[in-house]
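Heads up: the sequence lines are chains A and B, in that order.
Residue numbering for the first sequence follows numbering that gives the first Met the number 0, beginning at 0 and increasing consecutively.
Residue numbering for the second sequence follows numbering that gives the first Met the number 0, beginning at 0 and increasing consecutively.
What follows is a set of notes on a single structure, which appears directly below.
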Amino acid sequence: MQIDSSASRHLDHLEAEAIHIMREVVATCSKPVMLYSIGKDSSVLLHLALKAFYPAKLPFPLLHVDTTWKFQEMTAFRDRIAKELDLDLLVHINQDGVKEGVGPFSHGSSHHTHVMKTLALRQALDHHRFDAAFGGARRDEEASRAKERIFSFRSANHVWDPKNQRPEMWKIYNTRVQASESVRVFPLSNWTELDIWQYIAREKIEIVPLYLAKERPVVERDGTIIMKDDDRMELLPGETLQMRMVRFRTLGCYPLTGGVESTASTLEGIVQEMFLSRTSEREGRMIDRDEHASMERKKREGYF
Amino acid sequence: MSEAVAERALKPPAQDDVTMLRFLTCGSVDDGKSTLIGRLLFDSKQIFEDQLVKLESDSKHKGNAAGDTDFALLVDGLEAEREQGITIDVAYRFFSTPKRRFVVADCPGHEQYTRNMATGASTADLAVVLIDARKGVLQQTRRHAHIVSLLGIRQVVLAVNKIDLVGHDKSVFDTICADFAAFSKDLGFEDVVAIPISARFGDNVVDRSNKMPWYDGPSLLGHLDQVLPKRSRQDGPLRFPIQYVNRPNLDFRGFCGTIAQGSVTIGDTITVARSGQSTKVVRIINGFEDVERATFDNSVTLVLEDEVELARGNMLVSPDDRPHVADQVAAHLVWFDQKPLIPGREYILRTECTQVVATVTTLKHRLDVNSLAKISVNSLEQNEIGVVNLSLQEEIPFDGYSDCPETGCFVIIDRMTNATAAAGMISFPLRRASNIHRQAMLVDKKARSEIKRQKSVVLWFTGLSGSGKSTIANLLEQRLTAEGRHTYSLDGDNVRHGLNRDLGFLEGDRVENVRRVAEVGKLMVDAGIITLVSLISPYKADRDMARSLVEADEFIEVFVDTPFEECAARDPKGLYAKAIKGEIKNFTGYDAPYEAPENPELHLKTLGETAAELADTVENYLRNKGYL
Ligand SMILES: Nc1nc2c(ncn2[C@@H]2O[C@H](COP(=O)(O)OP(=O)(O)O)[C@@H](O)[C@H]2O)c(=O)[nH]1
Chain A
0 MQIDSSASRH LDHLEAEAIH IMREVVATCS KPVMLYSIGK DSSVLLHLAL KAFYPAKLPF
60 PLLHVDTTWK FQEMTAFRDR IAKELDLDLL VHINQDGVKE GVGPFSHGSS HHTHVMKTLA
120 LRQALDHHRF DAAFGGARRD EEASRAKERI FSFRSANHVW DPKNQRPEMW KIYNTRVQAS
180 ESVRVFPLSN WTELDIWQYI AREKIEIVPL YLAKERPVVE RDGTIIMKDD DRMELLPGET
240 LQMRMVRFRT LGCYPLTGGV ESTASTLEGI VQEMFLSRTS EREGRMIDRD EHASMERKKR
300 EGYF
Chain B
0 MSEAVAERAL KPPAQDDVTM LRFLTCGSVD DGKSTLIGRL LFDSKQIFED QLVKLESDSK
60 HKGNAAGDTD FALLVDGLEA EREQGITIDV AYRFFSTPKR RFVVADCPGH EQYTRNMATG
120 ASTADLAVVL IDARKGVLQQ TRRHAHIVSL LGIRQVVLAV NKIDLVGHDK SVFDTICADF
180 AAFSKDLGFE DVVAIPISAR FGDNVVDRSN KMPWYDGPSL LGHLDQVLPK RSRQDGPLRF
240 PIQYVNRPNL DFRGFCGTIA QGSVTIGDTI TVARSGQSTK VVRIINGFED VERATFDNSV
300 TLVLEDEVEL ARGNMLVSPD DRPHVADQVA AHLVWFDQKP LIPGREYILR TECTQVVATV
360 TTLKHRLDVN SLAKISVNSL EQNEIGVVNL SLQEEIPFDG YSDCPETGCF VIIDRMTNAT
420 AAAGMISFPL RRASNIHRQA MLVDKKARSE IKRQKSVVLW FTGLSGSGKS TIANLLEQRL
480 TAEGRHTYSL DGDNVRHGLN RDLGFLEGDR VENVRRVAEV GKLMVDAGII TLVSLISPYK
540 ADRDMARSLV EADEFIEVFV DTPFEECAAR DPKGLYAKAI KGEIKNFTGY DAPYEAPENP
600 ELHLKTLGET AAELADTVEN YLRNKGYL
């Protein structure tokens, strides 16, 4: 794909900034971890981290919080990448949730996400005593993210206090935390969705094929296109399974991730669609629509 | 949206010299910042359909005039501020034109949020100062312009907003421009462009408006799209702060960092800032690739020819134009923390790649941001700007902020809370430090201690008034003297009669009181003496400071732990009674805090023990640890 030199220099700057942030964390925090969601942002994050410490190996492990409802292609991709790149990958599942049989169909998206994602993440962070966790969130994703710092501090209970953030001046990051506190670090804060795609194209970063349009077995439910990824999803009366050309702009639990109809089966196609696109990427994420300002509330509770 | 905008928005950005411009918007509450940013996002097509639907429903929800979309709602993210209808924090927004990407720092207009403004300004190339045409230049405008100037921004756009509400009147615009020019003439702005706009109706924001034929300049976006920075950061002497040393195995030692100024090419001779040692660059690694050359803003890894002494906090620089290396500096501080600056107290000074313990030795004056007058003060409060001298525990390499912002900036961190308490800009080094060379003495601490058959140490007794500090210390001192040890007592009350006669009980004085006693303790330890300090010393930071003055095994913190009720009941000096009656203010444990030690070497719980038993405990400790 052609990326003109202006866009490319812009990407150079974003890349340098992210690498700087990662090195700063490794130089000053005692036990960092990278949260790896298998999505495109995580793939970029991982690529940047490999660059930041090349020729050394990654000086921290990756953590994947597995809700047990991810697309099968995601899990397969995760395991293959970890093997190929010789990564130290930790996978955490909230076993309490599994025991109670928590899932998006039976318990609703909110409860499922809270138990299998938010609580699970807290369990894993507490268990390993990580003091810094990298995440792939970007400020352009959603209004409340725009006001979050690159280094976002969490109390011992993983609570985010939006009114008490540390100012971030220049490239100076105050990484000091008290014993029980931790920090979430977002090296991609200043990237936009378009930057992510252009960078993936330029760097030839491998991504889960679900991002590219393909004929997939889907059901339309409440106006959202859901892919039937396994037998746990039952068709409701009146629903039919259709094969449609769809792709996904974000990836999460398959029952909660709406696809978009698209013919973009290549990266060029995706970028082209982005220029024409009139909907934001979170639209496909069902958890956002649940309630007004829901994201901010989730974040205060410790959702990433 | 106009045709032209739609057209532009559909194409990816094209080639240009400056590919990204970061700017901040500042103005007073309700000047229209959020509306302006919302409009820029909207008109450059950064707002998606689903967000627009939400926006319209939000606008109605807020009871806004029907059919009038409130663009400000697009950019106010946090629930609390949405409810209050004001922006309270800095937010970053992104949009682009075919020529450039823009990052906007949306900064608040409130007085108490100066810190967020300074934060936004620290990474901005340009500032858009908003003025409400009906109100003209306000105090807030002056404050913001001053902060912008202090943070080194030289390019300003004066956006005179709500021009529709003054009938698009040229004379109003001209008056505001003249007022701003008069006020800002000493602020060092190199380029001020004034534009009359209406954020709400879009006049002169993206496209030139035909409602003001008297104005022949560019639209706001037209200007932002072509404005060029005044100087290139690729020129100038090399500054490469070492961030991280990458050493995966014995054969590879790479120095990682982001180039703060200048550029570097393989084969270049470069110099280590702290030692002055020179060497050559043999490899430059950018990502997975070896490159010939790297320049400003690249995050790279350098491999050097020689094994030089080099670690995080040091810098690689041009041999013929090196930074200052000093431990005394003059600087500007913008104070952020709720707790005021206390001269003499120890803070952490954090630069991009290192941190050192620092104290403000002189608070020269506060700058009044409205008049630029210099006002003499004893401390700096939140949102105040001061000029100070700082003393650092260790030398650091740096430049003056106006020469190279990346290597001339720092933040101040509170040691207790880890809060970022201030932002600082170094003006210049103070020579004093390099002129006082420490005398290397032949008779040293060890020699002095040995002839006394002991190892010198500070025993720091801390606890509430009446907890029993002096009683235990006196008993212990009697015993030690009886067996021929050489001791000295520094008691809070005693030193206040002499050495510290000039100090009162306000927080700043208390800090100084502890500092002097700690310094005397240090001299006593150097003299080989077992020194017993009995001081309430309520603040952890101050005790940590005292500890940091001597070696690790020369400080024993003894926490004399007596509950408040018990101390108040004993009340040997009648002080608690007075405090409770309100005759003494700031009485520790009553209306001033006591921060109990977290990990004292000795924790004496006095309830149910006699003073003699407690003195035994301390004596045994000294014996077991080899002090006696
Ligand atoms: N008539 C008029 N009203 C404006 C203009 N710009 C903003 N406003 C209104 O001024 C009020 C405050 O605007 P807002 O953007 O929230 O101000 P902020 O506090 O600076 O972010 C809102 O009611 C806007 O609709 C303008 O150019 N003309």
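Cβ atoms here follow ideal geometry from the backbone N, Cα and C, with glycine treated the same way.
Apply the 10 Å Cβ neighbour rule to B:ASP260 and answer buried if 16 or more other Cβ atoms are within range, or exposed otherwise. Working through the second sequence from its first residue, we reach residue 260 of chain B at position 261. The sequence as given places Gln at residue 260 of chain B; Asp does not occur at that position. Answer is buried; the Cβ neighbour count reaches 16.
Which bits of chain A does B:GLN327 rub up against, with CB to CB less than 7 Å? The residue you call residue 327 of chain B lines up with position 328 of the second sequence. In chain order: nothing, as chain A lies at least about 21 Å away.
Can you give me the C-alpha to C-alpha distance between A:TRP68 and A:PRO254, rounded to a whole angstrom? Mapped onto the first sequence, residue 68 of chain A falls at position 69. Mapped onto the first sequence, residue 254 of chain A falls at position 255. The C-alpha of A:TRP68 lies about 8 Å from the C-alpha of A:PRO254.
Would you report the Cα separation of A:TYR172 and B:GLU288, rounded to the nearest angstrom? Sequence index remark: in the first sequence, residue 172 of chain A carries index 173 (1-based). Sequence index remark: in the second sequence, residue 288 of chain B carries index 289 (1-based). Taking the straight line from one Cα to the other gives about 27 Å.
Alpha carbon to alpha carbon, how far is B:VAL102 from B:LEU20? Against the second sequence, residue 102 of chain B aligns to sequence position 103. Against the second sequence, residue 20 of chain B aligns to sequence position 21. If you take the alpha carbons of B:VAL102 and B:LEU20, they lie about 6 Å apart.
Just checking A:THR67 against ligand 3 - is the residue's beta carbon closer than 7 Å to any of the ligand's heavy atoms? For ligand 3, the structure offers nothing, since it holds only ligand 1.
Around the C-beta of B:VAL226, are 16 or more other C-beta atoms found within 10 angstroms, so that it is buried, or is it exposed? Reading the second sequence from its first residue, position 227 is the one you call residue 226 of chain B. Per the 10 Å Cβ criterion, buried.
B:LEU23 and B:ALA180 - do their beta-carbons sit closer together than 8 Å? Counting from one through the second sequence, the residue named residue 180 of chain B turns up at place 181. Counting from one through the second sequence, the residue named residue 23 of chain B turns up at place 24. Against a cut-off of 8 Å, the Cβ pair of B:LEU23 and B:ALA180 comes out as no contact.
Looking at the C-beta of B:ALA432, does it have a partner C-beta in chain A at a distance below 8 Å? As a first step, residue 432 of chain B must be located in the second sequence, where it is residue number 433. With a pLDDT of only 47 at B:ALA432, under 50, the local geometry of the prediction cannot be trusted, and the value read off the model is given with reservation. Output row for B:ALA432: interface = no.
Can you give me the Cβ contacts of B:THR587 inside the same chain, cut-off strictly under 8 Å, excluding the 5 residues immediately before and after it? Walking along the second sequence from the start, residue 587 of chain B turns up at place 588. Closer than 8 Å at Cβ, skipping near neighbours: LEU463, SER464, ILE535, PRO537 and TYR593.
Alpha-carbon spacing of B:GLY629 relative to B:LYS454, whole angstroms: The question about residue 629 of chain B has no answer here: the residues shown for chain B are numbered 0 through 627.
Does B:LEU23 come out as helix, strand or coil in the three-state DSSP assignment? Taking the first residue of the second sequence as position 1, residue 23 of chain B is located at position 24. DSSP places B:LEU23 in strand when its eight states are reduced to three.
Taking Cβ positions only, does B:ARG344 come closer than 8 Å to chain A? Residue numbering aside, residue 344 of chain B sits at position 345 when the second sequence is read from its first letter. It does not: the Cβ of B:ARG344 has no partner Cβ on chain A nearer than 8 Å.
A:ALA17 versus A:LYS170: straight-line alpha-carbon distance, rounded: Against the first sequence, residue 17 of chain A aligns to sequence position 18. Against the first sequence, residue 170 of chain A aligns to sequence position 171. Straight-line Cα distance between these residues: approximately 11 Å.
Proximity test, Cβ basis, 8 Å: B:ALA439 and chain A: Position 440 of the second sequence, counted from the start, is the residue given in the question as residue 439 of chain B. For B:ALA439, the predicted model reports a pLDDT of 39, less than 50, meaning its position is unreliable and no value from the coordinates is stated.
State the DSSP-derived secondary structure class of B:ILE269, mapped to helix, strand or coil. Taking the first residue of the second sequence as position 1, residue 269 of chain B is located at position 270. It is a strand residue.
Using the C-alpha atoms, what's the distance from B:ARG141 back to B:SER547? Within the second sequence, residue 547 of chain B is the residue found at index 548, counting from 1. Within the second sequence, residue 141 of chain B is the residue found at index 142, counting from 1. About 42 Å.
Mind checking B:ALA576: buried by the 16 CB within 10 Å criterion, or exposed? As a position in the second sequence, residue 576 of chain B is number 577, starting the count at 1. With fewer than 16 other CB atoms across the displayed protein chains lying within 10 angstroms of its CB, B:ALA576 is exposed.
Ends of the alpha helix (DSSP H) at B:ASN619? Within the second sequence, numbered from 1, the residue matching residue 619 of chain B stands at position 620. Per DSSP, the continuous alpha helix (DSSP H) segment holding B:ASN619 begins and ends at 610 to 623.
Within a Cβ cutoff of 7 Å, which residues of the same chain sit near B:ASP508, ignoring the five residues on either side of it in sequence? Start at 1 with the first residue of the second sequence, and residue 508 of chain B comes out as number 509. The residues are LEU502.
Chain A within 8 Å of B:GLU6, Cβ atoms only: Taking the second sequence and counting its residues from 1, one reaches residue 6 of chain B at position 7. With a pLDDT of 38 at B:GLU6, under the threshold of 50, the modelled position of this residue cannot be trusted; read the value that follows with caution. It does not; no Cβ of chain A falls within 8 Å.
Chain-order list of residues whose beta-carbon lies under 6 Å from that of B:VAL368 (same chain, five-residue window excluded): On the second sequence, position 369 is the one that residue 368 of chain B refers to. Cβ within range, chain order: ARG142 and HIS145.
Is there contact between the region 178 to 194 of chain A and the region 153 to 162 of chain A, where contact requires at least three CB pairs shorter than 8 Å? Result yes; three or more Cβ-Cβ pairs closer than 8 Å.
Taking the straight line between their C-alpha atoms, what separation do you get for A:GLU282 and A:GLY257? Here residue 282 of chain A refers to the residue found at position 283 of the first sequence. Here residue 257 of chain A refers to the residue found at position 258 of the first sequence. Legend: pLDDT at A:GLU282 = 49, less than 50; position of this residue unreliable, value from coordinates given subsequently. Cα to Cα, the separation comes out at about 8 Å.
Going along chain A in order, which residues have a C-beta closer than 7 Å to the C-beta of B:MET19? To locate residue 19 of chain B, count along the second sequence from 1; it is residue 20. Neighbours of B:MET19 on chain A, chain order: HIS9 and HIS12.
I need the DSSP call for A:HIS126, collapsed to helix, strand or coil. Here residue 126 of chain A refers to the residue found at position 127 when the first sequence is read from its first residue. Under the three-state reduction of DSSP output, A:HIS126 falls in the helix class.
Is A:TRP169 close to chain B? Criterion is C-beta to C-beta, closer than 8 Å. By one-based count along the first sequence, residue 169 of chain A stands at place 170. So, interface residue.
Helix, strand or coil for A:ILE269 per DSSP? As a working mapping, residue 269 of chain A is identified with position 270 in the first sequence. Note: A:ILE269 maps to helix in three-state DSSP.
Listed from N- to C-terminal order along the chain, which residues in the region 38 to 53 of chain A have their beta-carbon within a distance smaller than 8 Å of any beta-carbon of chain B? From the region 38 to 53 of chain A, only LEU49, LYS50, ALA51, PHE52 and TYR53 have a Cβ closer than 8 Å to chain B.
B:PHE397 (DSSP reduced to helix, strand or coil): Against the second sequence, residue 397 of chain B aligns to sequence position 398. Strand.
Straight-line Cα distance separating B:SER317 from B:CYS352: Within the second sequence, residue 352 of chain B is the residue found at index 353, counting from 1. Within the second sequence, residue 317 of chain B is the residue found at index 318, counting from 1. Answer to the nearest angstrom: the Cα atoms are 18 Å apart.
B:THR480: buried (16+ other C-beta within 10 angstroms of its C-beta) or exposed? Taking the first residue of the second sequence as position 1, residue 480 of chain B is located at position 481. So B:THR480 ends up on the exposed side.
C-beta contact flag for B:ASP163 and B:SER218 at 8 Å: Here residue 163 of chain B refers to the residue found at position 164 when the second sequence is read from its first residue. Here residue 218 of chain B refers to the residue found at position 219 when the second sequence is read from its first residue. No. Outside cutoff.
Would you identify the three-state DSSP class for B:LYS445, choosing helix, strand or coil? The residue given as residue 445 of chain B occupies position 446 in the second sequence. DSSP, read as helix, strand or coil, puts B:LYS445 in helix.
How about the region 200 to 210 of chain B and the region 123 to 132 of chain B: do they share at least three Cβ pairs that are nearer than 8 Å? Between the region 200 to 210 of chain B and the region 123 to 132 of chain B there are fewer than three inter-stretch CB-CB distances shorter than 8 Å, so the stretches are not counted as touching.
For A:GLU16, does the three-state DSSP call read helix, strand or coil? Reading the first sequence from its first residue, position 17 is the one you call residue 16 of chain A. A:GLU16 falls in the helix class under three-state DSSP.
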